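A.B. asks: Below you'll find the structure I mean.
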Amino acid sequence: MRLDGMTAVVTGGASGMGESMVYALAKEGASIVVVDRNADGASTVAANVESQGGKAICVKADVQSTEDIAAMANKAMDTFGSINILVNNAGARIIKGFLEHTKEDWDKMLGINLSGPFYCSQAIVPKMVTSGGGSIINVCSIASYMGRPNRCAYVAAKSGLLGLTRTMAIDLAPKNIRVNGISPGMIASPFNQKFAEGEETGSAWANDNLVGRWGNPEDINGAVVFLASNESSFITGSDIKVEGGWLAARARVGEELIISD
Ligand SMILES: NC(=O)c1ccc[n+]([C@@H]2O[C@H](COP(=O)([O-])OP(=O)(O)OC[C@H]3O[C@@H](n4cnc5c(N)ncnc54)[C@H](O)[C@@H]3O)[C@@H](O)[C@H]2O)c1
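Under numbering that gives the first Met the number 0, think of the first position of the sequence shown as 0, with each following residue one higher.
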């Protein structure tokens, strides 16, 4: 197993991609700390890991709270004795017009999606150093690369997270900690349920990438296990896009019909 003897902290581990990552990391031998503000969900996911023969605990925490996060990091270290992997996956999105975004909306989007990974990393890094180093994975987004309509605070936060990823890679390299991103595209998790099941958006969005389908939470598993493991030991400050090629190219309407001028 690729992660034998390692401990992984996964924020937002109660649902969607976080839940899927928890099972994938546990399957490779990692002990898991499932962190979520949804205590019941986190508890169910940790119990599922245990019932499959793995090791997991759950911690109720809001990634916006430095108190919650400090307590979580201590509990993780006290339970497993080391922390080698941190996946900053917890995230949320508000969709409304630019002028309709309130200060609360803005603060919440920046708080969960950008400050959260910063707080969690600051709490976990000293424990990772004690553990000999490690790998931090920030779940960014296609919104880290391009504007998206009616999502100004979410796009600003996810763009910031990609920048934070790069700069953390520089600052933490001397501590033997690698920092990378994963940028999902349209993934049919609870986050996107209404679009995946929508009459119009369900099939239209599936065909809006090069692979031609919605992604599933499990589509992220390969990237997260790879970046967590020593197989990626020469990769830091990077980002793996898991978006069916959505960012690779855009065609204009009718462009596919033009063979030559
Ligand atoms: N689904 C997509 O298409 C998509 C695309 C790009 C990026 N992302 C990002 O992927 C990550 C996971 O998204 P998902 O699709 O699995 O969503 P999801 O809604 O299924 O899961 C998000 C989890 O994060 C938890 N969470 C939210 N705010 C929290 C907080 N303040 N503190 C602690 N936990 C909190 C939720 O309780 C939930 O369990 C997010 O960061 C999201 O922005 C998702």
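Cβ atoms here follow ideal geometry from the backbone N, Cα and C, with glycine treated the same way. Because the structure is a prediction, the values reported are computed rather than measured.
Can you check which of these residues, Val138, Met5 and Glu99, is closest to Cys151 by C-alpha distance?
C.D. replies: Ranking the options by Cα distance to Cys151, first place goes to Glu99.
A.B. asks: Would Val32 pass as a contact of Ala46 if the rule is Cβ separation under 9 Å?
C.D. replies: The beta carbons of Val32 and Ala46 sit no closer together than 9 Å.
A.B. asks: Of all the beta strand (DSSP E) runs that stay within the bounds of the segment 119-194, which reach a length of 3 or more residues?
C.D. replies: 133-138 and 176-183
A.B. asks: Spatial neighbours of Ala122 within its chain, please: CB distance less than 8 Å, with the 5 preceding and 5 following residues excluded, ordered by chain position.
C.D. replies: So the qualifying residues of the chain are Thr65, Ile68, Ala69, Met71 and Ala72.
A.B. asks: Kindly indicate which three-state DSSP category Val32 falls into: helix, strand or coil?
C.D. replies: strand
A.B. asks: Answer yes or no: the CB of Gly90 versus the heavy atoms of ligand 1, is any distance below 8 Å?
C.D. replies: yes
A.B. asks: Along the chain, which unbroken stretches of the alpha helix (DSSP H) at least 4 residues long are found entirely within the segment 30-118?
C.D. replies: Counting only runs of 4 or more, we get 38-50, 65-79 and 102-109.
A.B. asks: In the structure shown, what three-state DSSP assignment does Asp238 receive?
C.D. replies: strand
A.B. asks: Does the segment 127-139 touch the segment 170-185, meaning 3 or more C-beta pairs lie closer than 8 Å?
C.D. replies: yes
A.B. asks: From this set, Leu209, Ile234 and Gly221, which residue's C-alpha is nearest Glu242's C-alpha?
C.D. replies: Leu209
A.B. asks: Just to confirm before moving on: does the CB-CB distance between Ile82 and Thr6 stay below 9 Å?
C.D. replies: yes
A.B. asks: Quick check: is any heavy atom of ligand 1 less than 8 Å from the C-beta of Thr10?
C.D. replies: Correct: Thr10 has its Cβ closer than 8 Å to ligand 1.
A.B. asks: Under the criterion of a Cβ to heavy atom distance below 8 Å, does Cys151 qualify as lining ligand 1?
C.D. replies: no
A.B. asks: Is Met16 a contact residue of ligand 1, with contact defined as CB to any heavy atom under 8 Å?
C.D. replies: Yes; taking the cut-off as 8 Å, the Cβ of Met16 has a heavy atom of ligand 1 nearer than that.
A.B. asks: Which class does Val223 belong to by DSSP, given the choice of helix, strand or coil?
C.D. replies: helix
A.B. asks: With respect to 8 Å, is the separation between the Cβ of Ile186 and the closest non-hydrogen atom of ligand 1 below this value?
C.D. replies: yes
A.B. asks: Starting from the C-beta of Gly28, find all residues in its chain whose C-beta is less than 6 Å away, skip the five residues before and the five after it, and write them out in chain order.
C.D. replies: Non-local C-beta neighbours of Gly28 in its own chain, meaning closer than 6 Å and more than five positions away in sequence, comprise Met0, Leu2 and Asp3, ordered along the chain.
A.B. asks: Give me, in chain order, the residues of the same chain whose beta-carbon lies closer than 8 Å to that of Asp104; leave out the 5 immediate sequence neighbours on both sides.
C.D. replies: Ile93, Lys95 and Ala152
A.B. asks: Note down the Cα distance separating Cys139 from Gln51, rounded to an integer number of angstroms.
C.D. replies: 29 Å
A.B. asks: Taking DSSP's pairing of strands, which residues face Val9 in a bridge?
C.D. replies: Its beta-bridge partners are Val33 and Val86.
A.B. asks: Which residues bound the alpha helix (DSSP H) around Ala25?
C.D. replies: Gly15 to Lys26
A.B. asks: Within a Cβ cutoff of 7 Å, which residues of the same chain sit near Gly11, ignoring the five residues on either side of it in sequence?
C.D. replies: Gly17, Asp35, Asn88, Ala89 and Gly90
A.B. asks: Give the single residue among Ser158, Pro216 and Asp238 whose Cα lies nearest to the Cα of Leu226.
C.D. replies: Asp238
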